[in-house]
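Numbering (the numbering used here), first residue to last: 12 to 116.
We put the beta carbon where it would ideally sit given N, CA and C, even for glycine.
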Amino acid sequence: VEELLGDGKLTGVKLKDTVTGAESQLDLDGLFIAIGNDPRVWLVENQLELTEDKFIKVDGRTSKTSLPGVFACGDVIDPTYRQAITAAGSGCVAALDAEHFISAQ
12 VEELLGDGKL TGVKLKDTVT GAESQLDLDG LFIAIGNDPR VWLVENQLEL TEDKFIKVDG
72 RTSKTSLPGV FACGDVIDPT YRQAITAAGS GCVAALDAEH FISAQ
């Protein structure tokens, strides 16, 4: 995407092929912008154990990390699916794991 088109309301985007350089226009009424696909695990790199491919390592199907009381979920633990819907389910698992941890204290 080279440019957003419209005057006060989005009407389309100008596209540029990254291989050929050819430009085109796509008319549309809405646009979803993704933040990106690289989980920011470097923030915890020295605090939590990571997998070989740089995702936060969790204990089996739980969200428990190498640090007791710290739970991870979503794209930072999922090298395979990395979708909003699986991240949401993973978030539920982390919330329940955290609740069980707190209740046991």
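(message) Output needed for glutamine 36: all residues of its chain with C-beta closer than 8 Å, excluding positions within five of it in sequence on either side, in chain order.
(response) Leu16, Gly23, Val24, Lys25 and Leu26
(request) Compute the Euclidean distance between the alpha carbons of aspartate 70 and serine 77, then round it to the nearest angstrom. (result) Between the C-alpha atoms of aspartate 70 and serine 77 there is a straight-line separation of about 8 Å.
(message) I'd like to know whether the C-beta atoms of isoleucine 113 and isoleucine 88 end up nearer to each other than 8 Å.
(response) no
(request) Using a threshold of 8 Å, state whether the C-beta atoms of valine 129 and leucine 54 are closer than that. (result) This structure cannot speak to residue 129, because the chain is shown only from 12 to 116.
(request) Below 6 Å CB to CB, which residues in the same chain sit around leucine 39 once its five sequence neighbours on both sides are set aside? (result) Gly23
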